Every structure is written in structure tokens, then in C-alpha cells.
Amino acid sequence: MHFKKEFDFVKLSKYAFIFSIVLTIAGIIALAALGLNYSVDFRAGSNVDVKLSKNVTHAEVQPMLNEIGIGKDATVTPGDKRVNIRFTKELSESQDEKLKAAIHKLDGTASFEINTVDPEMAKELGRNAIYSVLLSCIGIIIYVSIRFEWRFALAAIIALLHDAFMVVAVFSIFRLEVSITFIVAVLTIIGYSINDTIVIFDRIRENLRFGKQKTREDLTKLLNHSVNQMLMRSLYTAFTVFIAAFFLFLFGGESIKMFSLAMVIGLIFGAYSSIFVASPLWLFLKFTQKPDRKAVKPSKA
């Protein structure tokens, strides 16, 4: 599918930059004021997932927890024939038994999955999560720097960090739970985002080789033409993966809900940044390579 009239992405990028800057500032404020809502994976405590034969409400579960003396440190989240109870402290063996007995009074067929994380394990998981994200970013930086000239590499890296931060910011603002699956989603988003950006950069580089760009206007036209050539490919790819992630979020289990939501958010920002952030940012860097901005020579990338 091709459009007869090409979109002026360079012009639209001015508004995109403002939009991204505003969201980034809001995200920084949210992280500074609220932080992230870490799951039991990253902080000490116990997480109890209970499967039931019927639906129960918060009003049914919370008094029961208060009665056995563990309600103060508990957060109850009812679901479809299940309930999740998260404790900020580790449950002892006797507390486990009291909890199971109390739940069985509500539903004799209930089954339990209890995960407990001690403080040292929580710290180690947190460190490993940070290391995994940093190492993946470093690997991508090295790859892009070798494959492209530094302007392409810098623009791609900024777009990649933009996408990852936007997902983190949304989770912070809306107090969504950050677990191990969230880290997996962020790593997946980083890989998807850099792939989409590189596809567009490849087309820009190819057009640079066969074109004669002598002025700023020539380079602007080349960028717009290159992005327009790859626009439907980027949108089709993003939409295909988005549909899969969206329906996983709607109909998937509780264990992958936050993963699916992070993927949905990341895919939207990934497609957006490849078109409106990475490519125009490369153009801006290209304009600043010479004191005389009107004359632009073809890239040797």
C-alpha cells in the first residue's frame, strides 16, 4: 500500500519532540514522587495466589485476614474465581496454615500458590534486573555503532531509551505492579524498538548512497521519502504484534497480564519513536555536522 501524497514527518516531528519531552518530565516527576510499585519479586514478603470455584470480594477476604492476625500487612486483589493476597512480610509456617484453613472455610476446593522472597533475594533480583537491562543496552549500542555512523547510532540509542523510559513512567504514574515479567517485557520492547528503527535507518542509508544531497532541503526530502517508503511496513509489523499482546492482556492469565500491558504500551511508543523521534533526530545531528548548515554532503555510512 502506498500513499500518493507523502507525509512531512520532519515538520510533524517538532510536535512529537514537545510531546515526548512533556511525557519524560511527567515520568521523572512520577518516579521521584511515587517510585515504582514493586511486586514481591523485588521486595521481601509473601505472595499468595488462590484459585477458587467461585468469585469472592475484598469485603469477604479482608475481615478473614484480620481475624487471624495477618490483615494489617496484606493487600487483597480479587479476580475471576481467584484472589491474590500480597504480604509485606514473610508468612511463618503457622500463618500459612491459618491462612489456608480460613480460605478453605470460604471455598473447600481452593488451591494455593505461595511465593516467599527474603530481603537478600529481593535485593539480588533487583540488581540482576538492572544489570540485564544495562547489558542489553550496551550490546545494542556496540552493534549499532559498528553498523552505522555515529549519528545513526546516537539517534537510535536515544529512541530506545525513550521507549523503555515511557513504559516505566506509565507503570509509575498508574501504580501498576512491576515484577520479573515486566523486566522481560522491557527487554523485548528494547529489541523490537531497535529493530524497527534500524529498518528505517537502512532505507535512509540506501537512499543516501544513490542520491545527491547538496542542501538541507534535499536531505529533508530524502528523510521524508525514506520514512514514507517504510511507513506501512512499520505500522503493519507494530499492529500485528500489538493485536497479539492486546488479546493476551485481555484474556491471558494474571501471571502475564502486566507483561502483556507493558508490551502494548511499548509497541505503541516503539512505532512512534522510530518514525517521529529517531529519524528526525538523526536529521538534526546531520544538520549540525558543518558550520554551514545549508550545504550537506552525502553520508558515507
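FYI, in the numbering used here the residues of the sequence shown are 1 to 301. Ideal placement from N, C-alpha and C gives every residue a C-beta, glycine not left out. For clarity, every value in this text was computed on a predicted model and none was experimentally measured.
query, result
"7 Å Cβ shell around residue 229 - same chain, five flanking residues per side excluded", "203"
"Outcome for residue 138 when other beta-carbon atoms lying within 10 angstroms are tallied against a minimum of 16", "exposed"
"Cβ-Cβ distance between residue 115 and residue 40 below 8 Å", "yes"
"For residue 47, three-class secondary structure by DSSP", "strand"
"Outcome for residue 9 when other beta-carbon atoms lying within 10 angstroms are tallied against a minimum of 16", "buried"
"Reference residue 52, options 66, 44, 79, 67, closest by Cα", "79"
"C-beta atoms of residue 261 and residue 251 nearer than 8 Å", "no"
"Same chain only: Cβ atoms within 6 Å of residue 98, ignoring 5 sequence neighbours per side", "68"
"is_contact[residue 32, chain C] using C-beta, thresh 8 Å", "In summary, chain C is missing from the structure at hand, where a single protein chain is found."
"Nearest-angstrom beta carbon gap, residue 167 and residue 269 [assumed within contact, 8 Å]", "7 Å"
"Spatial neighbours of residue 180 in its chain, beta-carbon cut-off 6 Å, leaving aside the 5 residues before and after", "41"
"Residue 106 beta carbon less than 8 Å from that of residue 48", "no"
"Meets three-Cβ-pair contact criterion under 8 Å: the segment 58-77 and the segment 18-38", "no"
"Sequence ranges, alpha helix (DSSP H) only - wholly within the segment 211-284, length at least 4", "216-251, 257-273"
"For residue 254 and residue 81, the rounded distance between their alpha carbons", "11 Å"
"Residues near residue 91 in its chain [Cβ-Cβ closer than 6 Å; skip 5 each side]", "46"
"Presumed contact (8 Å Cβ cut-off) between residue 267 and residue 220, rounded CB distance", "About 28 Å; that fails the 8 Å criterion."
"For residue 174, the first and last residue of its enclosing alpha helix (DSSP H)", "Element bounds for residue 174: n/a, residue is neither H nor E."
"Start and end residues, beta strand (DSSP E) containing residue 87", "82-87"
"Cα-Cα separation between residue 231 and residue 243, rounded to whole angstroms", "18 Å"
"Length of the line joining the Cα atoms of residue 6 and residue 15", "18 Å"
"Collapsed DSSP secondary structure at residue 9 in the structure displayed", "helix"
"Residue range of the alpha helix (DSSP H) that includes residue 103", "93-106"
"Cβ-based burial, residue 86 [other Cβ within 10 Å; buried from 16]", "buried"
"Between the CA atoms of residue 121 and residue 145 - distance to the nearest angstrom", "36 Å"
"Short Cβ contact (8 Å threshold) for residue 287 with residue 175", "no"
"Beta bridge counterpart(s) of residue 116 as assigned by DSSP", "46"
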